[in-house]
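Numbering (my numbering), first residue to last: 294 to 1049.
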Amino acid sequence: MRQFIFLLIFAFSSQALALYDFAAINITPQGEQISFCFEYDSQKIVFADEIYFANNFYMAAVTQQAEILFLKPTPEGGLTITPWGHEVPIFSQWREYNEPICLGPFFKSALEGLQLYAGIGNSLDDLIQRNSLIKFFDGFPALPKPEKAWTVMVYMVGSDLEAIPGRRKAGKRWASKDILEMLEGSVNESTNIVITTGGSTRNGWSTVKRALIENGQQYVLEDLGAKNMASPQTLSDFVTWSKTHFPAQHYALILWNHGGGTQGYGFDTSGNGEIMNLNQLHQAYQTIREQFKKPLDIVVYDACLMASIEVAEITATVANVMAGSAELEPGHGIDYAHLLSGISPADNGLAFGSLVKTGYIEHTKDQGTFNKSQITYSVFDLTQLNSFTETFKLFAIEFKKLLENGTFSSYETLSRGIIRAPGYPRQESGRLRSLAGSPHIRVDLYNLLQTVGPDFNEFSQYASDLLRSLDQMIDYEANDKVLPEAGRVSLDINISNTEHLSVLPEAYTLLNEGLVYYDQRRQDDPSTPESSLTCLTGFICAEAQWLELSGRNILGIEAYFGQSAGEILDIYRIDKSFYQYSGELTEDLKLGVDGHKACQYQLCVNERDCENITLIEQDDQLVAEVEVDETPAVLSFCQTDIWTACGVVRQNEGVWGRDEDMYPGDSVVASTWHLLKNGELEQRQGNALVVEETGLVTLKTNCEPVKGAVSAGFFGLNGERQFERLCDKGDCICQADDSDEGCQELGFKAGVLLEY
């Protein structure tokens, strides 16, 4: 009876409880032979009422006669086979430094009719009870397949999302988790699901493999060896191969990994750490279009920052519809189980994209990431893009002409428009840097047209037409952290990294040339806003704690909270959005600073090990620029009882990663900013801290009112910051029965007075 139950579990095992994300199973077909390598490389830990650890990796074969045979490797490289009814051998156990166990090669003909299973548990009974197993081999499917309604092609560059380079046992295994979702959703008889994998350092991911997913089973069909997945040919060859072997009425291509909009897509960490830039992606699309003779139904970007207008332009080369996010994606990405199980034979690209979008939004809610950061997803009807591009060219011609003339009013008006447009990713605001010279400046295109368009008679009508065109072309959904009317699509307004312009319509070059004229005017602008220190009433007084500025000349004010160290301000907390221009003032504005924020902050990985850190306010979170494993990153903190790390976004070679959690073993280096006597900012790095448990990464505060100090950083049209100390040495905080005018009127002892 127990053997019968075991067979039932083998036959109906739930892929959602499978183990690809805990154990690497490397299947390598070569001609008429096939080999297998196994590595239990991520200890299975389940956090429930009691923490569950599983240390044993089991393997079994089921023959055509339903005989169950358990497998165990020998020290000599052989294999022992134990029939059911005997003591069950353990194939492998979790060890931090264990090596892969390889079997084969075997002739494929010798494995016909054999099914291979693997499972993780502390005993066979434990494995059965938890249903923690997967069938990883079930013969060889016949190819080519008959024509179906859909073929979904998923190009998965595993990179550091599957395994962190140099730490192959570390990583969230996001790619493997999504393959499990695909297995769960592969119940649609009218759909082919084919994937290509590679581009990572995890066992089984350093070579490029092609596989079919069908009826809850993954069939590895080819291993192409070591290839660069950032190569346009690797991508176009996969799509052409898919068309040959899996014909369909409709085709969808999903690009899985990191993205950077105009930077490109697909960061391959298995070799030299290359990315497929936008020009190369366009090259791949041109080749695919030539092979297919007609557009794909849709290209889906399961990658960050790809809902840009530039990406839409090159995607229109190959597809009728595009889907992606203008923001960073959480680590889990889109919901493949929802998507693949919901495809209808009658669907077109727009319906497919809508299914992706709704599934993604619900997935973020289910995974608890919806309220952590900006969530937005867009579906583009690219058949309407030509109309947009034609109008955009007319807009760009007038834009360039206006800026080329170099009038102050044009420069001033554009400056006020650009500062109001939201940027992507939001985590970029966690860096204390000027946009000048930045290689990529992504702003919200829709919002920019709204703020700039009405102020210029020369192109206001074109701006209105473009907004209407975007409304018709893009269906999007976003959470409340995204500003109203933002989140649809981004535009890169940088002028220093423009190689991508060569594959875009002329409109984008014209716009960029206009931005060059604007930047020249900005650099030639010597003006600095006039300022004075005063009392709240505007008269000169003994304690000058309010900064008086003309609102006409100010685009932004930042508040810097910290502790005095002689004439230096050690900055620990920054409010970058203390004031941002949003329109002409109609009355004087009094902005008080909360002196209670003038504390020392430290990043701690446990009770003992802490380092000073500078944090930037971002909605209801605090974020900080750090280094994680010697790569730049932005670390986020959420507050419950205490401030706890709730996400980190790494950057590799300038490419933003996904928003995910920290890993045990991560090395974190915090940094602090310091305002020097000469008004310049200096960044200093602390010592490296090693994460033991992610839940222990917290912030510690030390508030000494006698050291508390606040400075204001303010800038005008040219973006050059100036600083003024508002308070220090304990005079930042209103006390009980304080006679200070600011305390009595506003509740703040220091601040900024903006005159309209």
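Note that beta-carbon positions come from the ideal geometry of N, C-alpha and C, so glycine has one too.
- Taken through DSSP and simplified to helix, strand or coil, Met955 comes out as coil.
- The three-state reading of DSSP puts Gln743 in helix, counting H, G and I together.
- The alpha-carbon of Glu683 is positioned some 22 Å away from that of Asn787.
- In this structure, the alpha-carbon of Ile690 lies about 6 Å from that of Leu803.
- For the alpha helix (DSSP H) assignment, the uninterrupted runs of no fewer than 4 residues enclosed by the stretch 679-718 are, from N- to C-terminal side, 701-711.
- Pro638 has its alpha-carbon roughly 26 Å from the corresponding atom of Ala600.
- The three-state secondary structure of Trp966, taken from DSSP, is strand.
- Between Leu571 and Gly557, the gap from beta carbon to beta carbon is short of 7 Å.
- Excluding its 5 nearest sequence neighbours in each direction, Ser479 has C-beta neighbours in its own chain below 7 Å: Ile486, Ile506, Glu507, Asn508, Gly509 and Leu633, listed in chain order.
- Counting only runs of 4+ residues, the alpha helix (DSSP H) found wholly inside the stretch 566-614 occupies 571-585 and 602-608, in chain order.
- In chain order, Glu691 and Leu695 place their CB closer than 7 Å to the CB of Glu751, counting only its own chain and leaving out the 5 sequence neighbours on each side.
- At the C-beta level, Thr700 and Ala541 stay beyond 7 Å of one another.
- Taking the CA atoms as reference points, Leu1019 sits about 33 Å from Leu741.
- Here the C-alpha atom of Thr924 lies approximately 15 Å from the C-alpha atom of Phe560.
- Contact between Tyr874 and Arg709 holds, with the beta-carbon distance rounding to 6 Å and staying under 8 Å.
- Contact check for Ala963 against Ala891 fails: the beta carbons are separated by 7 Å or more.
- Gly972 counts as exposed, since fewer than 16 other C-beta atoms from the protein chains shown sit within 10 angstroms of its C-beta.
- In terms of Cβ geometry, Gly451 and Gly414 do not form a close pair [threshold 7 Å].
- A straight-line Cα-Cα distance of about 15 Å links Thr494 and Tyr333.
- Here Leu763 is actually not in contact with Leu1010; their C-beta atoms are around 28 Å apart, not less than 8 Å.
- The C-alpha of Trp498 is placed about 58 Å away from the C-alpha of Lys883.
- A Cβ-Cβ contact shorter than 7 Å links Tyr629 with Asp471.
- Beyond the five residues adjoining it in sequence on each side, Leu759 comes within less than 7 Å, by CB distance, of Phe681, Thr684, Phe685, Phe688 and Leu742 in the same chain, given in chain order.
- Ranked by Cα distance from Arg582, the options Thr562, Ile627 and Lys536 are led by Lys536.
- CA-CA distance, Glu697 to Glu1048, rounds to 32 Å.
- Taking C-beta separations shorter than 6 Å and ignoring five residues to either side along the sequence, the partners of Ile383 in its chain run Asn349, following chain order.
- Sequence-distant Cβ neighbours of Phe400 in its own chain, meaning closer than 7 Å and more than five residues away, are Glu325 and Gln326.
- By the neighbour-count criterion, in which a residue is buried when 16 or more other Cβ atoms sit within 10 angstroms of its Cβ, Glu440 is exposed.
- The Cβ-Cβ distance between Asn496 and Ala316 does not fall below 7 Å.
- Boundaries around Ile864 are those of the beta strand (DSSP E), Ile861 to Gln873, since no alpha helix (DSSP H) includes it.
- Straight-line spacing of the CA atoms in Thr676 and Ile909 works out to 42 Å.
- Taking the Cα positions, Gly464 is about 10 Å away from Asp959.
- Comparing C-alpha distances from Ile338 to each of Thr827, Pro957, Gln323 and Val1045 shows the shortest one belongs to Pro957.
- Nearest neighbour of Pro998 by Cα position, chosen from His379, Thr991, Cys1027 and Glu1013, turns out to be Cys1027.
- Taken in chain order, the complete alpha helix (DSSP H) segments of 4 or more residues contained in the stretch 458-497 are 467-478.
- If one requires a minimum length of 3 residues, the beta strand (DSSP E) runs lying completely within the stretch 334-395 are 337-339, 345-347, 349-355, 361-366 and 372-376, in chain order.
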